[in-house]
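By the numbering used here, the letter at position 52 of the sequence shown is numbered 52, and the numbering carries on one by one without gaps.
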Amino acid sequence: MKFLVVLAVAVACASADVRHVVGEDYNAPVVKSSYDISPEGAFQYAYETGNGIYAQASGSVKNQNSEYPSLEIAGAYKYTAPDGTPVELSYTADENGYKPQGSHLPVAPAIPEYIARSLAYIAAHPPPVEKSVPKPAYG
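Shown next as structure tokens:
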């Protein structure tokens, strides 16, 4: 039984699709590359490979002299997905988080009409304010 399990695992590993690990993109040449880092913490980089991958970003330190300095980064990258679809993404990252933008990213569905009406009703009719009644004192 142990032999059959080992044989099944060996067959599964041997037949696995590894094109994504070692393929034509594995040895893509770097066509362009530039990097610049300043002593103040700002940076800028860009690169492009022979298979059409491109990336660039720049960032700087915000509130450098404060107790809580943070980085502000803006960048973009593009590549071609394995199915041939071009993918482009731009992003910003700062103290409020990472905010990507791209046509390939999923979009939340629209709010159903009955939920929108309910939210509008709730906003227009706040709950009544309860008056506090003093507690009775005995004795």
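Beta carbons are placed, not taken as given, at the ideal position from N, Cα and C, and that holds for glycine.
For residue j and residue i, the rounded distance between their alpha carbons
i           : j           : result
residue 77  : residue 40  : 25 Å
residue 60  : residue 86  : 29 Å
residue 110 : residue 116 : 10 Å
residue 107 : residue 88  : 16 Å
residue 56  : residue 100 : 14 Å
residue 120 : residue 36  : 51 Å
residue 58  : residue 105 : 22 Å
residue 79  : residue 128 : 56 Å
residue 138 : residue 131 : 22 Å
residue 93  : residue 102 : 15 Å
residue 81  : residue 125 : 50 Å
8 Å CB neighbourhood of residue i in its chain, flanking five on each side removed
i          : result
residue 28 : 49, 50, 51, 53
DSSP beta-bridge partners of residue i
i          : result
residue 71 : 61
residue 80 : 86
residue 91 : 75, 100
residue 54 : 48, 78
Host beta strand (DSSP E) of residue i (start-end)
i          : result
residue 48 : 43-49
residue 35 : 30-37
residue 98 : 97-101
Cβ neighbours of residue i in the same chain (closer than 6 Å, five flanking residues each side left out)
i          : result
residue 33 : 47
residue 44 : 36, 58
residue 62 : 70, 72
C-beta contact flag for residue i and residue j at 7 Å
i          : j          : result
residue 75 : residue 91 : yes
residue 70 : residue 95 : yes
For residue i, the first and last residue of its enclosing alpha helix (DSSP H)
i           : result
residue 118 : 113-124
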